[in-house]
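Worksheet for the structure shown next.
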Amino acid sequence: MTHCLKPANFARRGLAAAWDAVRHRPGPTGSPRLHGVLAALECTVENRLPGGDHEIVVGRVQDVEISTTPPARCCTGVAPTCRWAKA
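All the letters of the sequence shown, read from the start, carry residue numbers 5 to 91 under the working numbering.
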């Protein structure tokens with residue numbers, strides 16, 4: 005399996021992440037879970053704090069899923085040592 009997700013798909017404000025071309029399924033809290041990941045955490049927001057030009061979000065873990073399958077391959081190698089291929 006090859007993963008070649010572009011981080012820019014998710015580097016957007018609010019709920020504008022581009023999920024249409026990404027294999028995922030809803031988790032127990034309704035949050036999307038990426039297909040083929042080693043682990044997933046689902047959290048609820050406990051607090052939001054100012055962080056300069058960012059916002060720091062503190063979450064409480066509601067659900068954990070750990071895969072028993074081998075790690076997915078990414079664009080130019082095997083996670084976690086791979087580097088994203090240049091577009």
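Just so you know, even glycine gets a beta-carbon here, dropped at the ideal spot from N, CA and C. Everything numeric in this text was worked out from a predicted model, so none of it was measured.
Buried or exposed by the 16-neighbour rule on C-beta atoms within 10 Å, applied to Ser71: Reading the sequence shown from its first residue, position 67 is the one you call residue 71. Looking at its Cβ environment, which holds fewer than 16 other Cβ atoms inside 10 Å, Ser71 is exposed.
Could you give the C-beta distance for Val49 and Gly63, rounded to a whole number, given that I count them as a contact under 8 Å? Sequence index remark: in the sequence shown, residue 49 carries index 45 (1-based). Sequence index remark: in the sequence shown, residue 63 carries index 59 (1-based). In this structure Val49 is in contact with Gly63, their Cβ atoms being roughly 6 Å apart against a cut-off of 8 Å.
Is it true that the CB of Pro32 sits closer than 9 Å to the CB of Trp23? Locating residue 23 in the sequence shown gives position 19, where the first residue counts as 1. Locating residue 32 in the sequence shown gives position 28, where the first residue counts as 1. Judged by beta-carbon spacing, Pro32 lies beyond the 9 Å limit of Trp23, meaning their Cβ atoms are not closer than that value.
Here's a check: name, in chain order, each residue in its chain whose Cβ is nearer than 8 Å to the Cβ of Arg4, leaving out the five neighbours to either side. Residue 4 lies beyond the stretch modelled for the chain, which goes from 5 to 91, so this question has no answer here.
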